[in-house]
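Peer 1: Quick one: structure below, then a few questions.
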Amino acid sequence: MDHLLDKRFRGRGRRNSVWFDFSDRPPKWFADKETLPCYSPRIAFKDVVRNTDTRTTKVGLIPSCAFVTNAAPYFLWIRGDANDVAYLLGVLSSIPFDWYARRFVELHMNFHILNACPIPRPGRDDPRWQRVVAIAGRLACPDDRFAEWADAVGVECGPVPQPKKEQMIFELDAVVAHLYGLTEDHVKHIFETFHEGWDYHARLDAVLRHYQEWARRL
Numbered sequence: 004m005d006h007l008l009d010k011r012f013r014g015r016g017r018r019n020s021v022w023f024d025f026s027d028r029p030p031k032w033f034a035d036k037e038t039l040p041c042y043s044p045r046i047a048f049k050d051v052v053r054n055t056d057t058r059t060t061k062v063g064l065i066p067s068c069a070f071v072t073n074a075a076p077y078f079l080w081i082r083g084d085a086n087d088v089a090y091l092l093g094v095l096s097s098i099p100f101d102w103y104a105r106r107f108v109e110l111h112m113n114f115h116i117l118n119a120c121p122i123p124r125p126g127r128d129d130p131r132w133q134r135v136v137a138i139a140g141r142l143a144c145p146d147d148r149f150a151e152w153a154d155a156v157g158v159e160c161g162p163v164p165q166p167k168k169e170q171m172i173f174e175l176d177a178v179v180a181h182l183y184g185l186t187e188d189h190v191k192h193i194f195e196t197f198h199e200g201w202d203y204h205a206r207l208d209a210v211l212r213h214y215q216e217w218a219r220r221l
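Under our numbering, think of the first position of the sequence shown as 4, with each following residue one higher.
Written out as structure tokens, the structure is:
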């Protein structure tokens, strides 16, 4: 903790440091260990991946007081709240996003690639934004380690029964597809070309049902 605190304090004045963007924070913020990222749940993703794996964007919410190496980069938030974190987590976890990422990834997923990937930016009053937050937030909180974060997002905490969990995942794909402005034909193409040899038909049918339901709402 002392090492991380010292590293952050020294980085606030260097333009090549991620902490430079926090330089407007008061000195007491930099001196407070409780404000270190490791004390809060964070989105981390796996660096070493392939575009031929069953999934390429392997992302999740890691609990507080968990430490990662450079093989699992994480997002550092300059502004925003837990709802913004849940929204980004939901988009990154979806098949539509992963399909796009697989066009560019060979052996590594890093910020050079990730920063160039488009993320839909609807307003917070958009029901699709709200639904992505609700689904991703709920699925990211399987136990009490995420209780405080779940309260901040406004979702329950604990395991989700498998049938319900699957339907939430399918709906997430459908809602994110709408956010990207994809048509049903686009969604079909994504599933048909996502992974060679995978049995996608049942999942595609479920995603399309949710897609059509959301199309009637919008």
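All C-beta atoms, glycine included, are put in the ideal place defined by N, C-alpha and C.
Reducing DSSP to helix, strand and coil, say where F70 ends up.
Peer 2: Three-state DSSP puts F70 in coil, outside helix and strand.
Peer 1: Skipping 5 residues on each side, what residues in its chain have a beta carbon closer than 7 Å to that of E159?
Peer 2: These residues qualify, in order along the chain: R141 and A153.
Peer 1: Nearest to R131 by CA position, among R219, M112 and K168, is which residue?
Peer 2: R219
Peer 1: Using the three-state DSSP reduction, which class does R148 fall into: helix, strand or coil?
Peer 2: In the displayed model, R148 falls within a helix according to three-state DSSP.
Peer 1: Do the segment 187-196 and the segment 106-120 touch if we need at least three Cβ pairs shorter than 8 Å?
Peer 2: No, because fewer than three Cβ pairs between the segment 187-196 and the segment 106-120 fall closer than 8 Å, the two stretches do not touch.
Peer 1: Express the C-alpha separation of I138 and M171 in angstroms, rounding to a whole number.
Peer 2: Cα to Cα, M171 sits roughly 6 Å from I138.
Peer 1: Among residues of its own chain, excluding the 5 on either side of R58, which ones have a beta-carbon nearer than 7 Å to its beta-carbon?
Peer 2: D101
Peer 1: Hey, would you say V178 sits closer than 7 Å to R134, going by beta carbons?
Peer 2: With contacts defined as CB atoms closer than 7 Å, V178 and R134 qualify as a contacting pair.
Peer 1: Quick test of your reading: I46 and L64, contact by CB under 8 Å. State the CB separation rounded to the nearest angstrom.
Peer 2: 6 Å
Peer 1: Restricting to Cα atoms, I'd like to know which of R28, I122 and R148 is closest to G16.
Peer 2: When R28, I122 and R148 are compared, the shortest CA-CA separation from G16 is found for R28.
Peer 1: With a CB to CB cut of under 7 Å and the five nearest residues on each side skipped, what residues in its chain are close to A85?
Peer 2: W152, A155 and V156
Peer 1: Looking only at DSSP bridge pairs, what is I138 linked to?
Peer 2: Bridge partners of I138: none, in fact.
Peer 1: Using the Cα positions of R53 and H198, report the straight-line distance between them to the nearest angstrom.
Peer 2: 11 Å
Peer 1: Sort F149, D35 and G184 by Cα distance to I122 and report the nearest one.
Peer 2: G184
Peer 1: Look at E174 and H204 and say whether their C-beta atoms are less than 7 Å apart.
Peer 2: no
Peer 1: Can you give the Cα-Cα distance for R106 and P166, rounded to whole angstroms?
Peer 2: 31 Å
Peer 1: Identify whether H111 lies in helix, strand or coil by the three-state DSSP scheme.
Peer 2: strand
Peer 1: Cα separation between F25 and C41?
Peer 2: 16 Å
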